[in-house]
Amino acid sequence: MIDIFSRKKRSWIMSRIRAETKLESDFLKKLSPIVYPIGYRYKKHYGKLPGRPDIVFPKQRLAIFLDGSFWHGKDLKQLKEKRIDPFWIHKIEENRKRDQKQKSLLKKKDWTVLRFWEEEIKGNPDKVIAKIVSTLKQNRKLYARK
1 MIDIFSRKKR SWIMSRIRAE TKLESDFLKK LSPIVYPIGY RYKKHYGKLP GRPDIVFPKQ
61 RLAIFLDGSF WHGKDLKQLK EKRIDPFWIH KIEENRKRDQ KQKSLLKKKD WTVLRFWEEE
121 IKGNPDKVIA KIVSTLKQNR KLYARK
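Positions 1 to 146 (UniProt numbering) are the ones given, in order, by the sequence shown.
Here it is, written out as structure tokens:
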């Protein structure tokens, strides 16, 4: 599939995409009523950490990424088989490398990293929230001692 826009035009279009996606805002509407009453506070797009995680619980040192399946290459093998434009394959491969590097940097800084695919979030948000709450409780115990 050939891009109908020049690289310059595509770059301009991509720069107009808002930081918070609909996926994120819908998910946060479900997450907030669960975590706030039990005392957890989060920040969105926390710029002080590598990769600017989508959701961060600073006191519990938990960084969460909500990954879109296309942009983060969930089905990269299938995309390659479809023979989409090599520009996009390269872009997605670079995104995956960057994701791995960010995860490594966060782990070196003693952060717990959770990544969820778009399908997980849409398909079973309660399961995703349960995983987050469970991790928060584990980390609360870990970091309360320090």
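A virtual CB, placed ideally from N, CA and C, is assigned to each residue, including glycine.
Here the structure is a predicted model, which is why all the values come from computation and not from measurement.
{"query": "Do N139 and R61 come within 8 Å of each other at the CB atom, strictly closer than that value?", "result": "yes"}
{"query": "Report the residue from L49, D54, L31, I132 whose alpha carbon sits nearest the alpha carbon of K107.", "result": "L49"}
{"query": "If you scan the stretch 72 to 113 from start to end, which runs of the beta strand (DSSP E) of 3 or more residues do you find wholly inside it?", "result": "none"}
{"query": "Just the C-alpha distance for D3 and D85, rounded to the nearest angstrom, thanks.", "result": "7 Å"}
{"query": "Quick check on Y36: buried or exposed, where buried means 16 or more other Cβ atoms within 10 Å of its Cβ?", "result": "exposed"}
{"query": "Which residue from W88, I64, K74, N95 puts its Cα closest to that of F5?", "result": "W88"}
{"query": "Could you give the distance in angstroms between the alpha-carbon of I129 and the alpha-carbon of I13?", "result": "33 Å"}
{"query": "Can you give the beta carbon distance from G51 to Q102, rounded, assuming they're within the 8 Å contact cut?", "result": "3 Å"}
{"query": "Just how far apart, CA to CA, sit L23 and S134?", "result": "22 Å"}
{"query": "For L31, count neighbouring C-beta atoms within 10 Å of its own C-beta (all shown protein chains included) and say buried if the count is 16 or more, exposed if not.", "result": "buried"}
{"query": "For D67, list the residues DSSP reports as bridge partners.", "result": "W117"}
{"query": "Grouping DSSP H, G and I as helix and E and B as strand, with all else coil, what is K122?", "result": "helix"}
{"query": "Taking only three categories from DSSP, how would you classify F5?", "result": "coil"}
{"query": "By the three-class DSSP mapping on this structure, what secondary structure does L62 have?", "result": "strand"}
{"query": "How big is the Cα-Cα spacing for E118 and I132?", "result": "15 Å"}
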